[in-house]
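For the sequence shown, this note's numbering assigns the number -11 to the initial residue and increments by one for each residue that follows.
The beta carbon of each residue, even a glycine, is placed where N, CA and C say it ideally should be.
What follows is a single structure, written as structure tokens, with notes after it.
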Amino acid sequence: FEQAVSLHTSSFESADISFTGALFNNDFSFGGRIGDERPSTVTGNITFQGAVIAANSVVRIFKMNSRQSPAGTLKFTNALIKGLLDIREVYVNHISFDGAVVSGNIQDNGSLFTAIRDRNTARLLKHEAKKINNSTSALALYRIEMSIHAKSLEKHQV
-11 FEQAVSLHTS SFESADISFT GALFNNDFSF GGRIGDERPS TVTGNITFQG AVIAANSVVR
49 IFKMNSRQSP AGTLKFTNAL IKGLLDIREV YVNHISFDGA VVSGNIQDNG SLFTAIRDRN
109 TARLLKHEAK KINNSTSALA LYRIEMSIHA KSLEKHQV
């Protein structure tokens, strides 16, 4: 994407959306707007497989689903994040940063915490919180990371 793209008014309900190999060289917005009263409903899978967010770019994913009704998945598999990935008020069932490399920044407002299912995602988001001196989120993410780790140890001991 060489030009700024905004997918705020689009309805994706249960669609599976894939940005496989996408190169974001400009700002990209998906979901609702922070000031909107109602969130966008996205119950499908959103995948950024091998996507690259360039150093001068901001990818914003805002206001998706509600806290009471999280739905869908958000995956950044083997993504390269050189710019800013800003995720706020996004309530999904599962988020993953499997194989993602971050030399830029990921910022979130804590809405993703309940969607973390793997230790690597928790660790990556913890380090991102530390980068911006957000010790409260870093500690919460450390707790999630260690909880997932403890569960994996329990499985191996049985």
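Given that a residue counts as buried once 16 or more other Cβ atoms are within 10 Å of its Cβ, and exposed if not, what is residue i?
{"i": "residue 51", "result": "buried"}
{"i": "residue 4", "result": "exposed"}
{"i": "residue 131", "result": "exposed"}
{"i": "residue 96", "result": "buried"}
{"i": "residue 125", "result": "buried"}
{"i": "residue 139", "result": "exposed"}
{"i": "residue 22", "result": "exposed"}
{"i": "residue 84", "result": "buried"}
{"i": "residue 121", "result": "exposed"}
{"i": "residue 91", "result": "exposed"}
Between the options, which has its C-alpha nearest residue i's C-alpha?
{"i": "residue 59", "options": "126, 124, 0 and 132", "result": "0"}
{"i": "residue 8", "options": "90, 65 and 105", "result": "65"}
{"i": "residue 137", "options": "107, 145 and 118", "result": "107"}
{"i": "residue 103", "options": "18, 143, 122 and 77", "result": "77"}
{"i": "residue 101", "options": "91, 90 and 82", "result": "82"}
{"i": "residue 73", "options": "18, 26 and 27", "result": "18"}
{"i": "residue 86", "options": "10, 30, -5 and 36", "result": "36"}
{"i": "residue 28", "options": "113, -4, 34 and 105", "result": "-4"}
Compute the beta-carbon to beta-carbon distance between residue i and residue j, rounded to the nearest angstrom, for a pair I have assumed lies under 8 Å.
{"i": "residue 39", "j": "residue 70", "result": "No, residue 39 and residue 70 are not in contact; Cβ-Cβ is about 11 Å, not under 8 Å."}
{"i": "residue 142", "j": "residue 110", "result": "Wrong, their Cβ atoms sit about 17 Å apart, outside the cutoff."}
Give me, in chain order, the residues of the same chain whose beta-carbon lies closer than 6 Å to that of residue i; leave out the 5 immediate sequence neighbours on both sides.
{"i": "residue -8", "result": "14 and 15"}
{"i": "residue 88", "result": "64 and 67"}
{"i": "residue 32", "result": "2, 3, 4 and 60"}
DSSP on residue i, reduced to helix/strand/coil?
{"i": "residue 50", "result": "strand"}
{"i": "residue 97", "result": "coil"}
{"i": "residue 61", "result": "strand"}
{"i": "residue 35", "result": "strand"}
{"i": "residue -4", "result": "coil"}
With hydrogens ignored, establish whether the beta-carbon of residue i is closer than 7 Å to any heavy atom of the ligand COA.
{"i": "residue 23", "result": "Ligands displayed in this structure: none; no statement on the ligand COA is therefore possible."}
Could you pull out every residue in the same chain whose Cβ sits closer than 8 Å to the Cβ of residue i, ignoring the five residues on either side in sequence?
{"i": "residue 99", "result": "55, 75, 76, 77, 78 and 79"}
{"i": "residue 12", "result": "-11, 39, 40, 41, 42, 45, 47 and 71"}
{"i": "residue 119", "result": "93"}
Between which residues of its own chain and residue i is the CB-CB distance below 7 Å, once the five residues before and five after are set aside?
{"i": "residue 117", "result": "125, 126 and 129"}
{"i": "residue 24", "result": "51"}
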